[in-house]
Amino acid sequence: MAAVSLTIEPSRPLPAALPEEDAASLIPLDMHPPIDLAEDYEHFIAQITRYLKAEEVAQVKAAYQFAEAAHRGQYRASGEPYVSHPLAVAETLAHWRLDAQALAAALLHDVMEDARIAKEELAQRFGRVTAELVDGVSKLDRIEHQSIAEAQAENLRKMLLAMAQDVRVILIKLADRLHNMRTIDAMRPEKRRRIARETLEIYAPIANRLGLNSLYRELQDLAFRALYPLRYRVLARAVRAARGNRREGMSKVLDAIKQRLPEWRIEGEVVGREKHLYGIYCKMREKRLSFAQVLDIYGVRIIVEDVPACYLALGAMHGLFKPVPGKFKDYIALPKANGYQSLHTTLIGPFGMPIEVQIRTRAMHHVAESGVAAHWLYKEDATLSELHKTTHRWLQSLLDLQRATPDSTEFLEQVKLDLFPGEVFVFTPAGHIISLRRGATAVDFAYAVHTDIGNRCIACKINNEHMPLRTELKNGDQVEIITAPNAAPNPNWLSFVKTGKARAQIRHFLKTRQEESSAALGEQLLAKALASLGHRLEELGTAAWNRFLATFSGKTPREVFTEIGLGKRLPQVVARRLLDGAAPGAQAPLVGGAIRIKSSQDLAMQLARCCRPIPGDAIVGVTVPGQGLSIHTLDCPNLKGARAQGGNRQWVDVEWDAETVGPFDVAIRVVAENRPGVLARIAHAIAMHDSNIIDVHMDTADGGTTTALHFTLQVTGRLHLARILKNLRRLPNVMRIARVKGERAHPR
Ligand code: MN
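The opening position of the sequence shown corresponds to residue 93 in this note's numbering, with each subsequent residue numbered one higher.
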């Protein structure tokens, strides 16, 4: 197929340390010759013999023989013997100089799934480590009743966990995916699209996250080609046509640079580079650029000896052509999360054409092309230890995330979020750099520093100024988080946090906290119910509990409390069953006290939105199945209706605690003459009494002469509200004021 037969990045240089033959694994699919298994195998063995010991080569050979026998009689969709696939996967790994264990695992990677070989057998023949690697890339047995999406989520979760234990798992999986994508034409169209989409959404971003950039670009282009064959063909043809026109301009720029560097006594290699097709496609879509505009940008890479030479070369370039202001980025001082380091600048070249320049050392170049895999390729390289630390931290954060997110599909969504970085770099007060995804807030920062900091944060300073916790962070911000020992995450934070970690930890905390308060509430409700039957909860014997629990599939008393607190069980019913056959208690019913309401933040109970009770109001509780206790004012109109209907609602005695923890929301309605500034005066009067207005809505009546203002305020209780109302009545223009109950605070 001529349309896509050219390499996409013809000028992309191979890492200098690689011998020429390795180029084979970088060539796109259409240039692969028809396969000759024996020849491929010999080539592979020759390749690994160059860097492995003789006994290691023997192990790899044994693994190949085993895989060949296990897959004998199986064929790929393309008609080739199945073993050609694991061999191709192992070849990619050999290109990265991976060790014998990983190569053996690559050769064996499909034998568990497709040839029903047990993990134990692999462990005995090839060692525990290799068997674990194979297991890590093998899919789970498909469970019945699972949708494809669920099965996919569950499999990816398993793989990500295995990868957190050993990063070689993902390298094998990525090489596997690369070969499947290179041979995707043989698949059914619908499967082709599913695999291609998964590659774009998960595997390419993972390759990017691990800094495997060559692989990342190839996976993207292959997936692009499979998903949008027509767009791919048109774009490939246009790129090829444009290349001729660009050649002259490009060589002028390269010549000018090559001449300037020695003048500054810089030794360096200068190459032109082209974007890969998917990169061009994204840029056209995102920035709404025409093809000509995208192609109009020239890319140049300069590779020099050391870091000082990078900055020197930057100076030389800015002296040669004018830089575009605001386009300079120093990824050497602030590496990307995947370890990428370079200086980026954009220059205005001859005839005003923009030139994007990347400047980096050779070591940085290795990391930029091969990322984590560079660890095996260039063992001596010092920049790699930092990369390994950041990779390790990322894998660790995946483990944290999965602990806090039991649901597979949700976990996968969070991983996807974290895989598309677009990062900002911010600083701790001690000057440490934290990288976060774009749009991240101070709360995300707090959780990135430590889960405890996130859970206890109450306020923040950004660049020494007090700012709201929801503030979006900008590059270079210095962020200080203020914590309090008894603080807890606010459910509202979920509406603005951007990182998976923050979201998962907040959810986890709230769930645990709600269970705790529901259990406490349920225990009180049960105690009351028992008291009305003449018994005390604390006097109930183990025997009574065991008898009761036996009929409830082995739950603990605490779980029973939680279910009562959540309104899933009626306390009276549980009380009677607990007392079945128990010794008779005191004859007269004991007096059970009312449930005390201490705060508006108690997750086991909700202050009803219709009447918005505040401390000082006479109140009553109603249990709502599945939600816990709902607190209404005694005179709530909604309640009257419900009481008249009867029904099986549970009424509970409640009262305010002597010391409540506010603030509490309350709704008021103010009717005032429609004069300029009336809202401002009322708002000012409210603020003077230490109350926050959290919502205001106004409508005009009487032909525009009066206006009705609906406020939702925060108060500590009835006294506080009375003071505010008294003050508002004194204002000129204010005609009527009333607290609103039994309707929604604002009619929106
Ligand atoms: Mn495979």
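Ideal placement from N, C-alpha and C gives every residue a C-beta, glycine not left out. Given the structure is predicted, the values throughout are model-derived calculations rather than measurements.
According to DSSP, residues forming a beta bridge with residue i
i	result
Q570	F519
Q433	Q433 pairs with nothing; no bridge assigned.
E765	T798
I711	T725
I785	L805
F756	V807
L387	Beta-bridge pairing links L387 to no other residue.
W748	I689
Q157	Looking at the DSSP assignment, Q157 forms no beta bridge with any residue, so it has no partner.
M790	L801
D422	L435
Q488	None; Q488 has no bridge partner.
P415	L439
A551	I574
Closer than 7 Å: residue i CB and nearest the ligand MN heavy atom
i	result
H542	no
H201	yes
H177	yes
D268	yes
Which of helix, strand or coil DSSP assigns to residue i
i	result
L200	coil
H368	coil
L844	Residue coverage of the chain in this structure runs from 93 to 840, which leaves residue 844 outside it and unanswerable.
F443	helix
H135	helix
M559	strand
V652	helix
S97	Its pLDDT being 31, under 50, S97 is placed unreliably in this model, and the coordinates cannot settle the point.
Q698	strand
G360	strand
I706	coil
D227	helix
E448	strand
K660	coil
N825	coil
Extent of the continuous alpha helix (DSSP H) to which residue i belongs
i	result
R548	T543 to R548
S624	G592 to S624
T725	That residue, T725, is in no alpha helix (DSSP H); its beta strand (DSSP E) goes G720 to T725.
R217	K211 to F218
I298	A296 to R301
A642	T634 to A642
F316	N305 to L319
V842	Residue 842 is absent from the model: the chain starts at 93 and stops at 840.
D268	R260 to R274
K283	P281 to E290
Cβ-based neighbour list, residue i, same chain, cut-off 8 Å, excluding 5 preceding and 5 following
i	result
R688	V746, E747, W748 and D749
Y143	R189
E359	L353, V396, E397 and A401
I829	I760, R761, V762, V763, L817, L820 and R821
R605	A580 and L695
G371	R309 and Q312
Close Cβ partners of residue i (< 7 Å) along its chain, the five nearest in sequence each way excluded
i	result
L406	L435, T437 and I451
L528	E515, V516, V518, D536, F537, A540, L565 and T591
L726	A710, I711 and V712
A334	L387
A155	A196, L199, L200 and F218
E607	T654
M827	V763, A764, E765 and T798
I550	I574, T575, A576 and A579
T141	V149
Own chain partners of residue i with C-beta closer than 6 Å, once the 5 adjacent residues on each side are dropped
i	result
E112	Note that E112 scores 33 on pLDDT, short of 50, meaning its location in the model is unreliable and no value can be drawn from it.
P707	W748, T752 and G809
T804	D757, A759, I786, D787 and A837
N581	The amino acid at residue 581 is misidentified as Asn; the sequence shows Pro. Around P581: N547, I598 and F601.
A621	P663, Q664 and A667
L412	R352
P415	T437 and L439
Q570	F519 and N555
Span of the beta strand (DSSP E), counted from its first residue to its last, around residue i
i	result
K833	Where K833 is concerned, there is no enclosing beta strand (DSSP E), given that its DSSP letter is neither H nor E.
L743	One point to set straight first is that residue 743 is Trp, not Leu, in the sequence displayed. Run containing W743: Q742 to V744, per the beta strand (DSSP E) assignment.
L671	Per DSSP, L671 belongs to no beta strand (DSSP E); it is in the alpha helix (DSSP H), P663 to L671.
L529	Going by the sequence as given, residue 529 is Arg instead of Leu. Residues I525 to R529.
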